[in-house]
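Notes for the one structure printed next.
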Amino acid sequence: MRTKSIPDKRIADMVEALQARASVIGPKRSADGTLRLGKIESADELEIDYRNSILSPKSVFFPQRETICALEGERVVDVPLPDGPIVLLGIRPCDSSAIQALDKVFLESSPQDPFYARRRELCTVVSFACTRPESTCFCTAVQGGPGHVHASDVLVLESDGELLLRPHSEKGEQLLESIDGLLGDASQKAIEKAETAIEQAAERIDSFTLDGVAESLQGAWESDIWTRIGQQCIGCGVCSYLCPTCHCFDISDEVQKDEGSRVRAWDCCAYPLFTLHASGHNPRASRRERWRQRAMHKFHYGLTNYDRFLCVGCGRCIRNCPVNVDLRSVLQEVRS
Amino acid sequence: MTANPYLPFPCRLDGIEVENEERDIKTFKLAFLEAEHAKAFAYMPGQFAELSLPGFGEAPFGIASSPTEAGFVLFSVKRVGVFTSELHASECGRLVGVRGPLGKAFPWEAMQGKDLVVVGGGFAFTTLRSAIVYALDEKNRKDFGTITVIYGARTPGELLYRSDLDAWSARKDIELHVTVDRGDEAWKGHVGVVPKILEQTAPKADRAMAIVCGPPIMIKYTLPVIDKLGFSPKTTVLSLENRMKCGIGKCGRCNIGPRFVCVDGPVFTREELSALPQEY
Chain A
36 MRTKSIPDKR IADMVEALQA RASVIGPKRS ADGTLRLGKI ESADELEIDY
86 RNSILSPKSV FFPQRETICA LEGERVVDVP LPDGPIVLLG IRPCDSSAIQ
136 ALDKVFLESS PQDPFYARRR ELCTVVSFAC TRPESTCFCT AVQGGPGHVH
186 ASDVLVLESD GELLLRPHSE KGEQLLESID GLLGDASQKA IEKAETAIEQ
236 AAERIDSFTL DGVAESLQGA WESDIWTRIG QQCIGCGVCS YLCPTCHCFD
286 ISDEVQKDEG SRVRAWDCCA YPLFTLHASG HNPRASRRER WRQRAMHKFH
336 YGLTNYDRFL CVGCGRCIRN CPVNVDLRSV LQEVRS
Chain B
21 MTANPYLPFP CRLDGIEVEN EERDIKTFKL AFLEAEHAKA FAYMPGQFAE
71 LSLPGFGEAP FGIASSPTEA GFVLFSVKRV GVFTSELHAS ECGRLVGVRG
121 PLGKAFPWEA MQGKDLVVVG GGFAFTTLRS AIVYALDEKN RKDFGTITVI
171 YGARTPGELL YRSDLDAWSA RKDIELHVTV DRGDEAWKGH VGVVPKILEQ
221 TAPKADRAMA IVCGPPIMIK YTLPVIDKLG FSPKTTVLSL ENRMKCGIGK
271 CGRCNIGPRF VCVDGPVFTR EELSALPQEY
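What follows is the structure, given as structure tokens:
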């Protein structure tokens with residue numbers, strides 16, 4: 036299908052048309068003024084003039100807390116899978132890349148996770164190319180870019196007074212067909228303009244390379260850098276919770292009287308209990324080992340196991356670290 | 021659609037055996053409620069499973085029974101935390117969830133036709149019991165050369181599976197050396213730590229494979245002896261433990277370097293381990 040176009044003033048109509056067939060999740064302003072992803076209740080809530088959301092879209096597919104089995108007396112029983120179509124509208128290419136990273140863990144590694152698989156199946160991902168990268172962005176260093184498609188079914192490009200929509204999968208084609216009455220064909224001029232804006236955005240993104248970082252990390256197992264970062268880090272875990280690719284979780288039982296749930300909830304490698312054995316032994320006893328694990332997992336083990344970084348350069352961990360740990364400088368130091 | 025991999029098979033607690041003087045290790049005999057679940061739980065010695073009780077959570081344990089022992093599965097569990105304390109307080113008839121089998125078994129294909137040297141210490145003897153029962157089974161015994169077992173505990177009262185040990189010591193087709201760190205008046209067997217007894221026994225390494233499981237301190241002093249006897253990194257097999265939740269390579273905590281103990285292990289050859297960081 037060719038690139039389609041919709042004028043800005045008809046975006047609300049598009050959202051309404053999508054709402055008729057699915058639950059629409061997109062960026063909107065929350066009461067505290069921050070930009071978050073949430074269910075779009077009325078079409079004018081959708082905010083497209085933004086850099087990136089505070090929280091990543093990973094909870095759409097992998098909720099922070101989710102029941103994986105029901106507990107009924109002595110029995111552990113199955114629970115129904117999620118239902119109802121979703122359109123995830125307006126995420127950035129970095130977060131779309133993160134969905135591909137999560138796919139590696141939950142979809143492409145056997146056994147599949149049925150809860151994640153169902154949500155992916157139910158969801159059509161419409162991402163917006165990025166023309167306003169932040170100073171903390173580094174997608175181009177981690178196999179991404181401001182106009183990359185990744186897991187997106189439709190990629191939207193911004194041009195003067197209009198949005199250009201490009202399908203990249205069957206799901207994406209179907210979505211555009213369903214709102215075809217609202218769409219025109221994009222002009223070559225508009226496409227060129229949008230693409231130029233993306234190229235310019237790419238040039239503004241922190242230009243450094245991570246070539247060979249996995250090998251450098253392998254050689255840096257005993258490096259002093261982990262001690263230093265470990266001392267700086269306070270182990271709060273905000274980096275993991277905001278990270279669009281962090282997929283580690285805990286499983287615990289929540290029971291009242293005889294009824295309850297076996298629940299999985301996001302967990303974090305920065306926490307000492309994460310790896311604590313019942314014997315008291317802890318293979319990652321201090322923040323030194325735990326920070327090393329974080330860097331190794333994302334930039335070394337990811338390449339070994341999934342042929343990709345488990346980082347998308349969204350910069351959330353850098354922007355929100357309370358003690359100003361900058362992942363980029365850690366990696367640069369390891370490489371040098 | 022994929023079946024829910026977090027859903028355990030319901031099993032009935034069918035037998036409880038107190039294993040040691042300390043009374044903090046019990047062997048639980050579990051029977052599947054459904055025949056199809058018993059069939060689906062097709063395992064080999066070395067694998068593990070997640071046991072659970074609603075409200076008390078889930079934890080991983082090596083399978084202590086052998087697939088040649090049909091009709092039940094055995095797990096030897098030390099009382100340490102919330103789940104294990106509740107399991108220890110349980111009586112026969114209670115339902116226990118069993119999720120598995122998980123992980124890789126001992127390398128049975130590579131061990132075929134070889135002499136087996138089984139070296140174990142303390143509580144880590146559970147999957148080794150499984151391996152020995154399996155190898156001694158009349159259908160399997162011909163697949164292996166000599167079988168040498170060196171098993172140690174702190175005191176005679178801490179030795180697990182005493183009826184099995186008695187039965188094995190009465191057999192001619194297994195060389196069993198049981199040792200304790202400190203004996204008592206009744207003890208007539210070896211006294212001394214596992215590596216010392218291994219060195220004295222000196223099983224031949226040239227067509228053998230060694231399985232070594234035990235506490236870290238035992239492993240540390242046993243591996244140099246294994247080297248001295250001539251076992252290579254390819255013919256020395258270890259089984260590791262790490263904290264686990266999912267058991268299926270997703271929850272992210274049991275990794276050693278890029279490998280997950282739950283799916284890439286828990287059984288590793290020393291050769292495989294030599295490529296991994298020493299973070300366990």
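Protein chains in written order, with our numbering: chain A, 36 to 371; chain B, 21 to 300. Where a beta carbon is used, it is the ideal one built from N, C-alpha and C, also for glycine.
Using C-beta distances below 7 Å, list every residue in its chain close to residue i, excluding the 5 sequence neighbours before and after it, in chain order.
{"i": "R64 of chain A", "result": "L70 and E82"}
{"i": "P286 of chain B", "result": "F68, G123, S259, L260 and E261"}
Between residue i and residue j, what straight-line distance do the alpha-carbon atoms span, to the nearest angstrom?
{"i": "G350 of chain A", "j": "T199 of chain B", "result": "58 Å"}
{"i": "R202 of chain B", "j": "G172 of chain B", "result": "10 Å"}
{"i": "Q367 of chain A", "j": "I41 of chain A", "result": "42 Å"}
{"i": "F95 of chain B", "j": "H185 of chain A", "result": "45 Å"}
{"i": "G123 of chain B", "j": "L311 of chain A", "result": "20 Å"}
{"i": "K224 of chain B", "j": "L249 of chain B", "result": "7 Å"}
{"i": "G269 of chain B", "j": "A125 of chain B", "result": "16 Å"}
{"i": "L71 of chain B", "j": "I103 of chain A", "result": "16 Å"}
{"i": "K93 of chain A", "j": "G177 of chain B", "result": "52 Å"}
{"i": "I167 of chain B", "j": "A190 of chain B", "result": "14 Å"}
{"i": "E129 of chain B", "j": "L156 of chain B", "result": "16 Å"}
{"i": "K228 of chain A", "j": "G119 of chain A", "result": "37 Å"}
{"i": "A133 of chain A", "j": "T280 of chain A", "result": "5 Å"}
{"i": "I89 of chain A", "j": "L199 of chain A", "result": "25 Å"}
{"i": "R297 of chain A", "j": "M264 of chain B", "result": "15 Å"}
{"i": "P307 of chain A", "j": "V248 of chain A", "result": "26 Å"}
{"i": "F288 of chain B", "j": "V257 of chain B", "result": "6 Å"}
{"i": "Q253 of chain A", "j": "Q298 of chain B", "result": "12 Å"}
{"i": "W188 of chain B", "j": "Q135 of chain A", "result": "53 Å"}
{"i": "L338 of chain A", "j": "V100 of chain B", "result": "37 Å"}
{"i": "E250 of chain A", "j": "H282 of chain A", "result": "24 Å"}
{"i": "F48 of chain B", "j": "E294 of chain A", "result": "25 Å"}
{"i": "R363 of chain A", "j": "R370 of chain A", "result": "11 Å"}
{"i": "E289 of chain A", "j": "A105 of chain A", "result": "10 Å"}
{"i": "L375 of chain A", "j": "N87 of chain A", "result": "Summary: the structure shown does not reach residue 375 of chain A, with chain A confined to residues 36 through 371, and so no result is reported for it."}
{"i": "A144 of chain B", "j": "C282 of chain B", "result": "17 Å"}
Considering only DSSP beta bridges, list what residue i is partnered with.
{"i": "M229 of chain B", "result": "B:L136"}
{"i": "N275 of chain B", "result": "B:F280"}
{"i": "G66 of chain B", "result": "Note: G66 of chain B sits in no beta bridge, so no partner."}
{"i": "R100 of chain A", "result": "A:A300"}
{"i": "T47 of chain B", "result": "B:E37 and B:S96"}
{"i": "V198 of chain B", "result": "B:Y171"}
{"i": "V189 of chain A", "result": "A:V161 and A:P202"}
{"i": "F81 of chain B", "result": "B:A69"}
{"i": "V257 of chain B", "result": "B:I231 and B:T289"}
{"i": "L106 of chain A", "result": "A:V111 and A:G295"}
For residue i, count neighbouring C-beta atoms within 10 Å of its own C-beta (all shown protein chains included) and say buried if the count is 16 or more, exposed if not.
{"i": "R322 of chain A", "result": "buried"}
{"i": "A359 of chain A", "result": "Checking the sequence, you will find Asn at residue 359 of chain A rather than Ala. Exposed: under 16 other Cβ atoms inside 10 Å."}
{"i": "L53 of chain B", "result": "exposed"}
{"i": "D285 of chain A", "result": "buried"}
{"i": "K159 of chain B", "result": "exposed"}
{"i": "S145 of chain A", "result": "exposed"}
{"i": "T166 of chain A", "result": "buried"}
{"i": "V38 of chain B", "result": "exposed"}
{"i": "C112 of chain B", "result": "exposed"}
{"i": "Q178 of chain A", "result": "buried"}
{"i": "I194 of chain B", "result": "buried"}
{"i": "S77 of chain A", "result": "exposed"}
{"i": "E197 of chain A", "result": "buried"}
{"i": "I231 of chain B", "result": "buried"}
In chain order, what residues of the same chain have a beta carbon less than 6 Å from the beta carbon of residue i, not counting five sequence neighbours either side?
{"i": "V245 of chain B", "result": "P215, L218 and E219"}
{"i": "T175 of chain B", "result": "V200 and R202"}
{"i": "K59 of chain B", "result": "none"}
{"i": "M229 of chain B", "result": "M131, K134 and T255"}
{"i": "D130 of chain A", "result": "S91, P92 and P279"}
Looking only at its own chain, which residues have a Cβ that is under 8 Å from the Cβ of residue i, when we skip the five neighbours before and after it?
{"i": "G120 of chain B", "result": "F61, Y63, Q67, F68, A69, E70, I83 and G267"}
{"i": "P149 of chain A", "result": "L116"}
Subject >> the segment 29-37 of chain B / the segment 123-140 of chain A touching (three or more Cβ pairs under 8 Å) >> reply: no
Original post:
Between the segment 70-81 of chain B and the segment 105-124 of chain B, do three or more beta carbon pairs fall short of 8 Å?
Top reply: yes
**OP:** Give a yes or no on contact between the segment 83-98 of chain B and the segment 132-141 of chain B, applying the rule of three or more CB pairs nearer than 8 Å.
**Re:** no
Original post:
Using 8 Å as the Cβ pair cut-off and three pairs as the minimum, do the segment 227-247 of chain A and the segment 172-188 of chain A touch?
Top reply: yes
Original post:
Counting pairs of Cβ atoms below 8 Å between the segment 299-306 of chain A and the segment 262-275 of chain A, do you hit three or more?
Top reply: yes
Original post:
Would you call the segment 109-119 of chain A and the segment 322-336 of chain A touching, i.e. three or more CB-CB distances under 8 Å?
Top reply: no
Subject >> Stretch-stretch touch, CB-based, cutoff 8 Å, three pairs: the segment 42-60 of chain A with the segment 211-224 of chain A >> reply: yes
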